[in-house]
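Using our numbering, count along the sequence shown one by one with no gaps and you end on 983. All C-beta atoms, glycine included, are put in the ideal place defined by N, C-alpha and C.
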Amino acid sequence: MPSASPAPIPGYALVTGASSGIGERIAREYARRCVPLVLTARRADRLHALAEELRAQVAVEVVTADLADPGAPAGLVEELDRRGVRIRILVNNAGYGMPGRYRSSDWADHAAFMQVMTTAVCELTWRLLPAIRADGRGRILNVASFAALMPAADGQTLYAPAKSFLLKFSEALALENADRGVHVTALCPGFTYSEFHDVTGTRGRMRVSPGMWLQAEDVARAGIDGNERGQVLVVPGWRYRLLHAIVKLLPHRVAMGMMARNSRKVRPLD
């Protein structure tokens with residue numbers, strides 16, 4: 714059973730990529746816990762529809778932004794300052810996958826991908842960290858992936874490294890800010906029902922056991938609960954926690970061989 718809702722943290726929770734999937738569910742879970750929200754993503758229509766629904770529970774601000782634009786993080790923070798909105802929780806959730814192998818996409822697409830997945834995360838965190846550290850109750854939740862805990866699969870040439878970066882980034886930030894009461898968490902879910910695989914066009918071709926699929930609302934709740942407890946790493950689902958424990962015991966060449974045999978099951982390639 715979920716724990717009782719904690720007392721609201723002063724200030725807003727900023728959720729990037731809040732228009733669908735895990736980001737939307739994280740926003741809903743914070744609203745249930747009476748935390749006011751700033752929702753940001755590219756799709757304004759979806760953001761405003763979600764905001765209208767959640768305003769029955771909490772105050773909600775909407776700022777449309779495309780984090781693939783290198784100027785977006787600074788512009789987002791400037792807009793929040795203009796509105797007088799104080800951020801105490803940052804959820805770096807925005808992200809997506811790219812189908813196919815490394816050379817099957819243009820470099821401009823790869824550059825935009827890395828801007829969203831790593832550079833924007835770092836810049837938003839850097840710009841908002843003083844406010845997050847201000848009252849000793851700040852929170853940072855970085856939505857990584859179980860891919861960060863496994864050898865990279867064929868076709869995950871940038872996705873897995875980007876998620877691994879988020880994990881190490883979270884670990885370092887957690888140590889650096891522990892004396893200020895800031896909890897930093899890397900949320901590492903496995904396969905989750907969302908639009909992620911629909912966008913990449915791979916869902917219909919994936920051969921994954923039904924028991925390995927997670928519900929987005931369960932992932933959101935596990936991430937927020939773990940963050941409140943001060944966990945630096947959260948792996949939702951007992952099957953994924955067991956798999957993580959097993960992989961850590963395997964020689965690296967064995968784990969790589971396992972990934973080579975299974976890559977086409979989980980990520981169809983060109």
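Spatial distance of residue i from residue j (CA atoms)
i: F904; j: G736; result: 15 Å
i: R745; j: I739; result: 10 Å
i: R741; j: E766; result: 10 Å
i: E884; j: Y725; result: 23 Å
i: I845; j: E791; result: 16 Å
i: C901; j: D794; result: 31 Å
i: A807; j: M830; result: 7 Å
i: A717; j: R934; result: Residue placement at A717 cannot be trusted, given a pLDDT of 48 that sits under 50; what the coordinates show is reported in the next sentence. Taking the straight line from one Cα to the other gives about 12 Å.
Option nearest residue i by Cα separation, candidates the options
i: H823; options: Y872, Q770 and V798; result: Y872
i: T838; options: G849, D848 and N855; result: N855
i: E889; options: E930, A866, G924 and P843; result: P843
i: Y815; options: H965, A887 and A865; result: A865
i: S907; options: D931, A891 and R893; result: D931
i: V834; options: V728, G939, D794 and R952; result: V728
i: D938; options: I853, L956 and R768; result: I853
i: F826; options: L750, L803 and T870; result: T870
i: V804; options: T832, A847, L750 and A785; result: L750
i: G894; options: Q928, A929, R942 and G936; result: R942
Residue i vs residue j beta-carbon contact at 8 Å
i: P783; j: Q828; result: yes
i: M811; j: M972; result: no
i: V773; j: A764; result: yes
i: V948; j: R954; result: yes
i: V897; j: L886; result: yes
i: V654; j: C747; result: Residue 654 cannot be examined here, being either before or after the span of the chain that is shown, 714 to 983.
Residues near residue i in its chain [Cβ-Cβ closer than 6 Å; skip 5 each side]
i: R755; result: D779
i: S976; result: A866 and D867
Assumed close pair residue i, residue j - CB separation to whole angstroms, cut-off 8 Å
i: L752; j: A731; result: 4 Å
i: R801; j: R850; result: 7 Å
i: P777; j: A762; result: The residue asked about is misnamed: residue 777 is Thr in this sequence, not Pro. T777 to A762, Cβ: 13 Å. No contact.
i: S733; j: R759; result: 7 Å
i: R952; j: G924; result: 6 Å
Sequence-distant residues of the same chain with beta carbon closer than 7 Å to residue i, five excluded per side
i: S876; result: Rather than Ser, the amino acid found at residue 876 in this sequence is Lys. For K876, where only same-chain residues beyond five positions count, the Cβ hits under 7 Å are A857, S858, A860 and A861.
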